[in-house]
Amino acid sequence: MFKLAPLACAFLLASFVPLQRNAGRTGPSTHTSLPRANQGHLPPPPSQGGAQGQSAERYSDGRTNSLPHVNHDQWFGHDSAGDARYRLQRPFEHGTFPRTGRNFRYPLLRVDRNMHRFWIPGGFYFVVAPWDWPLFLDWCWDCGEDFVIYEDPVHIGWYLLYNINTGVYVHVQYWGR
C-alpha cells in the first residue's frame, strides 16, 4: 500500500502541470493551429450593421443554416438589437474585457455546467446566455485554444464567444476575475 503512495503522488502532480501551462498568460496567442471554420481563418469582428446581417445562411441546394455562425467572414443568425433578452439594466456591471478580437485565442480552463459559466487564462470568467447554452454544450471545451471573444456591437454589455473549429458563436457576459 505505502509503496504505491509515491507513484500516486507523482501521477497527480504530472496531471496538474498541463492545466497550469497557460494559466498566467495574458498576451496574444502564439498558437499555430489553423481554424477549421470560416475557410481556415479567424473572422474580423462583426460590424454594427453586419452583425445583424442575414438571420440564416442559405445554400444553393436549398438548405439553410439558422445557427449563429460565421462563414466567408459574414456573421449569420445574430439576434436583432431590439431583442429584449439582451437588455441589461447595468451593461458592463462587472467591467469590460479588453482582450477581444482575433489576436487573442483562448482555451477554456474550466466549465461550470450548473452555473453556465467558464474560465479562461488569467482567472477571467464569463457566463453563457441561457438561450445559447444548448449550443455551448456541444463544444469540445478542452481541445486547446479554440475560442475567440469578440465585442457584440449590437447588444451592449454582451460578448460573442466564437468557436474556431465549428464557426458557431454564443452570447456571453464578462463577470470579472
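With mature numbering (1 follows the signal peptide of the UniProt record, and there is no 0) applied, the sequence shown corresponds to residues -23 to -1, 1 to 154, in that order. In this text, a Cβ means the ideal position worked out from N, Cα and C, and glycines have one as well. None of the values given here were measured: they were computed from a predicted structure.
*Any idea if Arg82 is buried or exposed, counting beta-carbon neighbours within 10 angstroms, 16 or more meaning buried?*
In the sequence shown, counting from the first residue as 1, residue 82 sits at position 105. Arg82 comes out buried.
* Hey, Trp135 and Tyr63: beta-carbon distance below 7 Å or not? -> Walking along the sequence shown from the start, residue 135 turns up at place 158. Walking along the sequence shown from the start, residue 63 turns up at place 86. In this structure, Tyr63 lies closer than 7 Å to Trp135 by Cβ.
Can you tell me where the alpha helix (DSSP H) holding Trp110 begins and where it ends? For the purposes of this step, residue 110 is identified with residue 133 of the sequence shown, where counting begins at 1. The continuous alpha helix (DSSP H) containing Trp110 extends over residues 110 to 114.
(request) Kindly list the residues whose CB is nearer than 6 Å to the CB of Arg87, restricted to its own chain and excluding five residues on each side of it in sequence; keep chain order. (result) Counted from its first residue, the sequence shown places residue 87 at position 110. So the list reads Trp96, once near-sequence residues are dropped.
Worksheet entry | Terminal residues of the beta strand (DSSP E) in which Trp96 lies | For the purposes of this step, residue 96 is identified with residue 119 of the sequence shown, where counting begins at 1. First-last of the beta strand (DSSP E) with Trp96: 94 to 97.
*asked:* By the three-class DSSP mapping on this structure, what secondary structure does Arg154 have?
replied: Reading the sequence shown from its first residue, position 177 is the one you call residue 154. Correct three-state label for Arg154: coil.
Leu138 (DSSP reduced to helix, strand or coil):
Here residue 138 corresponds to residue number 161 of the sequence shown, with the count starting at 1. In the three-state reduction of the DSSP assignment, Leu138 falls in the strand class.
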